[in-house]
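Colleague: Counting from 1, one number per residue, gives the positions in the sequence shown under full-length UniProt numbering.
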Amino acid sequence: MKDLQSVTSKGKQLLLRHVSIFRWLPHYTKLDAVGDLVAGVTLGLTMMPQAIAYASLAGLSAQYGLYSSFMGGLVYMMFGTIKEVSIGITSLMALMTYEYTQDLPVEFVILLTFLSGCVQLMMGLLDLGILVDFISEPVTSGFTTATSLIIIVSQMKGLLGLRFKSNGFVDNIWQLFKHAGEAKLWDCVMGISCIIALLLIRKANDIPVGPREKSNQTQTHRVIKKLLWFFSISRNALIVVVCSTVAYKLFNNGISPFILSGQIKPGLPTFGLPPFSAQVGNTTYSFLGMCEKLGSGIIMVPVVGVLANVAIAKAFSAGKSLDATQEMLTLGMCNLFGSFVQSTPTTGAFTRSAVSNASGVKTPMGGLYSGTIILLALGYLTPYFYFIPRCTLAAVLITAVMFMIDFKIMIHLWKCSKRDLFALLITLVSSLMFGVEVGLLMGAVFNMMQLLYLWARPITYVKLCKSEKGCEYVLVTPDLGLVYSSLDYLRTELGKAAVLNGRGKLPVVLNCAHFKRVDYTAAC
1 MKDLQSVTSK GKQLLLRHVS IFRWLPHYTK LDAVGDLVAG VTLGLTMMPQ
51 AIAYASLAGL SAQYGLYSSF MGGLVYMMFG TIKEVSIGIT SLMALMTYEY
101 TQDLPVEFVI LLTFLSGCVQ LMMGLLDLGI LVDFISEPVT SGFTTATSLI
151 IIVSQMKGLL GLRFKSNGFV DNIWQLFKHA GEAKLWDCVM GISCIIALLL
201 IRKANDIPVG PREKSNQTQT HRVIKKLLWF FSISRNALIV VVCSTVAYKL
251 FNNGISPFIL SGQIKPGLPT FGLPPFSAQV GNTTYSFLGM CEKLGSGIIM
301 VPVVGVLANV AIAKAFSAGK SLDATQEMLT LGMCNLFGSF VQSTPTTGAF
351 TRSAVSNASG VKTPMGGLYS GTIILLALGY LTPYFYFIPR CTLAAVLITA
401 VMFMIDFKIM IHLWKCSKRD LFALLITLVS SLMFGVEVGL LMGAVFNMMQ
451 LLYLWARPIT YVKLCKSEKG CEYVLVTPDL GLVYSSLDYL RTELGKAAVL
501 NGRGKLPVVL NCAHFKRVDY TAAC
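Given below as structure tokens:
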């Protein structure tokens, strides 16, 4: 009987740990429901234009951005631990998806989503959250800055109304200069106008209303402030609606000055298993053939997704301990189930999570309402997405990522840590020159080399001491354990200490207080 109770208790604890909804749903109140409804609807309106723009960044039709924007919220509601986190298509995931699936049919994208979910689930089950710890803040900053620059440059052709194919950041810049004379005037005018409008509306929330002290503000002041805030966070949807209306009116009058998004498949996605074979021209790819085509993306996309999601979860955890393993498992399930509705690879989005936080979300239930908004859009609004100008989507993307470029950290690192600055620059330059996956890998390798260097070259503190009986000796204290890579170096340091401090006559004592372990080579 006791064994049965013990098993039941452990099963309950396991359920509460991994199915987070059971922890907060019993305490769910009407006030929570109102807060989640407001936040969810606000988030859905923010997510909709972003999803369409990110789909174009991934080289896909707009509907795939929307397909990627509802399942994550529904799954995260069940298993997620941080109420603010918004799972869906992001600029980072869209860019990496494009890197690995350009010139390939959408079946490869859906399979990449499925495999990403499998890898993330495996990482969670094997408790491999420690891998994320090898990516330092400078490397993450360099990677994010490089990604933002790549996205901005890649969207310049849409902003200027240009049509060309490019391969990588440098080639994109070259093609922009090469085709600059082909820029379309009205696309340029609308694109630049959209950027200016988006930046101005973004600052609407900063307009002072009434007294600074909240206690002195009237109800009218608070209502106006809330309206300005909603106006500010809805800027993407507002700009897309206005520009689409202009394009629609001109189109009905027989005028087409803008490059439009084009026909979008209406309706909800079909629910089913991801494709395990694909036809490209006259070639049929089996599952293994598709995996071979996706290459390192099968590992890099899920790892980067985990890195981004854990970083966002940490930012909104409000100082509480974060279960990184649970976040890995949840993200894995988001992608796994997302692949059943033709989703692209997804992860947490910082901007949308910030909107969710500012909207006063109370629980992960907000994902249910934002997902419902996306499903309604798929059911009823897709015919109108045809008229969204591509220059408008480019403007939405550019303004979304331009504030992720972080040059301030470079100045700070220049003053306090040249080594970390070098790690950032290696990641940044490698990402721009060879691709974001190579840049992240090189940054991580450099971080690990730094750690290996610390073990191979431990700092040694040398002190001339005297025993209770008055005997002088040289005390040498290494700050790390004794392993094979530091053996010869430490032997040399002991010799130097004996000659320089003890004049070759005093005994040398090795202080092993910091030795956590000694390997076989060092012990011998």
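Using N, Cα and C, we set each Cβ at its ideal position, and we do this for glycine too. Only a predicted model underlies this, so the values are computations on that prediction, with no experimental measurement involved.
Work out the CA separation of ASN357 and GLY281 for me, nearest whole Å.
Modeller: Each residue's Cα considered, the two are about 47 Å apart.
Colleague: Any idea what DSSP makes of residue 526, helix, strand or coil?
Modeller: No statement about residue 526 is possible, as the shown extent of the chain runs from 1 to 524 and does not include it.
Colleague: Buried or exposed: which applies to LEU331, given that a residue is buried once 16 or more other Cβ atoms fall within 10 Å of its Cβ?
Modeller: Burial call: buried.
Colleague: Between LEU432 and SER141, how many whole angstroms is the CB-CB distance? I'm expecting something under 8 Å.
Modeller: About 14 Å separates the two Cβ atoms, so there is no contact after all.
Colleague: Please check the pair PRO302 and PHE114, which I expect to be a contact at CB under 8 Å, by giving their CB distance rounded to whole angstroms.
Modeller: PRO302 to PHE114, Cβ: 11 Å. No contact.
Colleague: Can you tell me the Cα-Cα spacing of PRO458 and ALA498, whole angstroms?
Modeller: Spanning the two alpha carbons is a distance of roughly 18 Å.
Colleague: Around the C-beta of SER321, are 16 or more other C-beta atoms found within 10 angstroms, so that it is buried, or is it exposed?
Modeller: The residue is exposed, with fewer than 16 neighbouring Cβ atoms inside 10 Å.
Colleague: Are the region 289-297 and the region 93-111 touching, with three or more C-beta to C-beta distances below 8 Å?
Modeller: Yes, since at least three Cβ pairs between the region 289-297 and the region 93-111 fall closer than 8 Å, the two stretches touch.
Colleague: Identify, in the order they occur along the chain, each residue of the same chain with its Cβ nearer than 7 Å to the Cβ of ILE264, setting aside the five sequence neighbours on each side.
Modeller: SER61, ALA62, GLN63, THR382, PHE385, TYR386, listed in sequence order.
Colleague: Starting from GLU107, trace the beta strand (DSSP E) in both directions and tell me its first and last residue.
Modeller: Not the beta strand (DSSP E): GLU107 falls in the alpha helix (DSSP H), residues 106-125.
Colleague: For MET190, does the count of other Cβ atoms within 10 angstroms reach 16, so buried, or fall short, so exposed?
Modeller: Buried is the call here.
Colleague: Within its chain, find whatever has a CB closer than 8 Å to the CB of LEU454; leave out the 5 residues flanking it on each side and keep chain order.
Modeller: Excluding residues within five positions, the ones whose Cβ falls inside 8 Å are LEU480.
Colleague: From TYR54, ALA377, ALA311, ARG202, pick the residue whose C-alpha is nearest to that of PHE353; which is it?
Modeller: Rather than Phe, the amino acid found at residue 353 in this sequence is Ser. Minimum Cα distance to SER353 is reached at ALA311.
Colleague: Got a sec? Which residues, its chain only, sit under 7 Å from PHE316 by beta carbon, not counting five neighbours each side?
Modeller: Only ILE82, GLU84, VAL85, SER353, ASN357 meet the Cβ criterion.
Colleague: What are the boundary residues of the beta strand (DSSP E) that CYS465 is part of?
Modeller: From DSSP, the beta strand (DSSP E) with CYS465 extends over 460-466.
Colleague: With a cut-off of 8 Å, does the C-beta of LEU322 fall near any C-beta of chain C?
Modeller: Annotation note: the requested chain C is absent from the structure, which comprises a single protein chain.
Colleague: Mind checking whether MET290 and PHE108 have CB atoms under 8 Å apart?
Modeller: The answer is yes: Cβ separation under 8 Å.
Colleague: For TYR473, which of helix, strand or coil comes out of DSSP?
Modeller: The answer is strand: DSSP assigns TYR473 an E or B state.
Colleague: Give the secondary structure of PRO478 by DSSP, where H, G and I count as helix, E and B as strand, and everything else as coil.
Modeller: PRO478: strand per DSSP, three-state reduction.
Colleague: May I ask which residues mark the beginning and end of the alpha helix (DSSP H) holding VAL306?
Modeller: Its alpha helix (DSSP H) spans residues 297-315.
Colleague: Only counting the same chain, and skipping five residues up and downstream in sequence, which positions put a Cβ closer than 8 Å to that of LEU149?
Modeller: Here the set comprises PHE169, ILE405, LEU432.
Colleague: Determine which residues share a DSSP beta bridge with LEU510 and list them.
Modeller: In DSSP, LEU510 forms a bridge with VAL476.
Colleague: Verify whether the separation of the beta carbon atoms of LEU16 and LEU397 is less than 8 Å.
Modeller: No; because the gap between Cβ atoms is not below 8 Å, this pair is not in contact.
Colleague: Quick check on the DSSP output: what are the complete beta strand (DSSP E) runs of length 3 or more inside the region 218-289, in order along the chain?
Modeller: List check, beta strand (DSSP E) in window: 278-280, 283-285.
Colleague: In angstroms with no decimal places, state the Cα-to-Cα distance between GLY366 and GLY117.
Modeller: Rounded to whole angstroms, GLY366 to GLY117 spans 22 Å at the Cα level.
Colleague: Please report the distance separating the alpha-carbon of TYR67 from that of ALA349.
Modeller: Their Cα atoms are separated by approximately 16 Å.
Colleague: According to DSSP, simplified to helix, strand and coil, what is GLY210?
Modeller: Correct three-state label for GLY210: coil.
Colleague: Within the same chain, show all residues whose beta-carbon is closer than 8 Å to that of ASP36, passing over the 5 residues directly before and after it, in chain order.
Modeller: Answer for ASP36: VAL361, LYS362, THR363, MET365, GLY366, LEU368, TYR369, listed in chain order.
Colleague: Excluding the 5 residues preceding and the 5 following LEU231 in the sequence, name in chain order all residues of the same chain whose CB lies nearer than 6 Å to its CB.
Modeller: One point to set straight first is that residue 231 is Phe, not Leu, in the sequence displayed. Cβ within range, chain order: ALA204.
Colleague: With DSSP collapsed to three states, give me the class of PRO364.
Modeller: In this structure, PRO364 counts as coil in the three-state DSSP scheme.
Colleague: Using the C-alpha atoms, what's the distance from VAL341 back to ILE130?
Modeller: The straight-line gap from Cα to Cα measures roughly 31 Å.
Colleague: Buried or exposed, going by whether 16 or more other CB atoms sit within 10 Å of the CB of MET48?
Modeller: The residue in question, MET48, is buried, as its Cβ has 16 or more Cβ neighbours within 10 Å.
Colleague: Just curious, the alpha helix (DSSP H) that residue 552 is in, first and last residue?
Modeller: With the chain running from 1 to 524 in the structure shown, residue 552 is simply not present.
Colleague: Please name the residue or residues paired with ILE87 in a DSSP beta bridge.
Modeller: According to DSSP, which records beta bridges pairwise, ILE87 is partnered with GLY348.
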